[in-house]
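Numbering (our numbering), first residue to last: 9 to 99.
Here it is, written out as structure tokens:
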């Protein structure tokens, strides 16, 4: 997927991954699911001399529940956040 949106500075563009629908054999309805905290990086900014961006497009990450700003672009929903809001990379 190639996106035409390019974050500035040390910001990244993230596509949220779906929340868990099943926990221990029990299905959780959409209305009861928590806000997803796992996403996939779809675009990265250039960073700057003091803070180069270390994440790469395609990496899966964990971020805080209220991190970033939700945006809609070409019919899709994304989060744009600073790289420092990322808690961990998923391997």
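Beta carbons: idealized from backbone N, C-alpha and C, even for Gly.
Can you tell me whether residue i is buried or exposed? The criterion is at least 16 other CB atoms within 10 Å of its CB, across all chains shown.
i	result
residue 91	buried
residue 69	buried
residue 17	exposed
residue 95	exposed
Could you tell me the boundaries of the beta strand (DSSP E) in which residue i lies?
i	result
residue 62	Run containing residue 62: none; DSSP gives neither H nor E here.
residue 23	19-24
residue 85	84-90
residue 95	94-97
Residue i bridges to which residues according to DSSP?
i	result
residue 47	24 and 69
residue 80	85
Short check: CB of residue i to CB of residue j, under 8 Å?
i	j	result
residue 19	residue 53	yes
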